[in-house]
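Contents: one structure, followed by commentary.
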Amino acid sequence: MRVRCLDSGRTYDVRDRATIGRAANVDITIDDPSLLAHHATLVASESQPGAWHLVSAGDDDEVNGRPAPGGITRLGVGAFSVRLRLGSVALECEHSTELRRTAATGTESNSRCPRCARPIAAGEELLRCECGAVAHAACAEGRCYRCGAREEADANAE
Ligand SMILES: [Zn+2]
Ligand SMILES: [Zn+2]
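The opening position of the sequence shown corresponds to residue 3 in our numbering, with each subsequent residue numbered one higher.
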């Protein structure tokens, strides 16, 4: 996920977790008096691949203009973009989803393709999305049926 601080224009690449606050020992240090020393954490979900959460200790934060007082707020899954306001600091979070083409292994052999409803056979080419969705590559048409991520968009992503 890419995080951009709208005031400073600085961007940060977050792999699966980043702490945000005023303290020097957090991942994204923003020296703003409205932030707590350890204000919030951006976390990639372990149980749902491709999903992200904001865990905040602040009590007047916002996600896309909606109040997100202290606690866990779901940001999105797959390809998404959200506006955060932590204290008076505005941040933009963009997550692009990686789609990969792979050959089916034994693991998928007892599941069905959600597009054509046929069972997935070993060796068939699959399109696998970071959000956890899997479909036949031929059925998916370069697009994740679940989160809407596109194969082309990913190729252009930095
Ligand atoms: Zn299919
Ligand atoms: Zn997806």
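All C-beta atoms in this analysis are idealised placements derived from N, C-alpha and C, irrespective of residue type, glycine included.
Let me know the secondary structure DSSP gives Ala42 once reduced to three states.
Counting from 1 along the sequence shown, the entry for residue 42 is found at position 40. In the three-state DSSP reduction, Ala42 falls in the strand class (E or B).
Exposed or buried, Asp63, counting other C-beta atoms within 10 Å across all chains shown (16 or more means buried)?
For this step, residue 63 is matched to residue 61 along the sequence shown. Sixteen is the threshold: when 16 or more other Cβ atoms of the shown chains lie within 10 Å of the Cβ of Asp63, as they do, the residue is buried.
Within 8 Å, do at least three Cβ pairs link the segment 129–141 to the segment 76–96?
Yes: at least three Cβ pairs fall under 8 Å.
Residues that Ala20 bridges to, as DSSP identifies them:
Walking along the sequence shown from the start, residue 20 turns up at place 18. In the DSSP assignment, Ala20 is bridged to Leu44.
Which of the three DSSP states is assigned to Cys7 in this structure?
Here residue 7 refers to the residue found at position 5 of the sequence shown. Strand, per DSSP.
Would you check whether ligand 1 has a heavy atom nearer than 7 Å to the C-beta of Arg120?
For the purposes of this step, residue 120 is taken as residue 118 along the sequence shown, with counting starting at 1. Of the heavy atoms belonging to ligand 1, at least one sits nearer than 7 Å to the Cβ of Arg120.
Comparing the CB of Arg148 with every heavy atom of ligand 2, is any distance shorter than 7 Å?
Counting from one through the sequence shown, the residue named residue 148 turns up at place 146. Yes, Cβ of Arg148 sits closer than 7 Å to a heavy atom of ligand 2.
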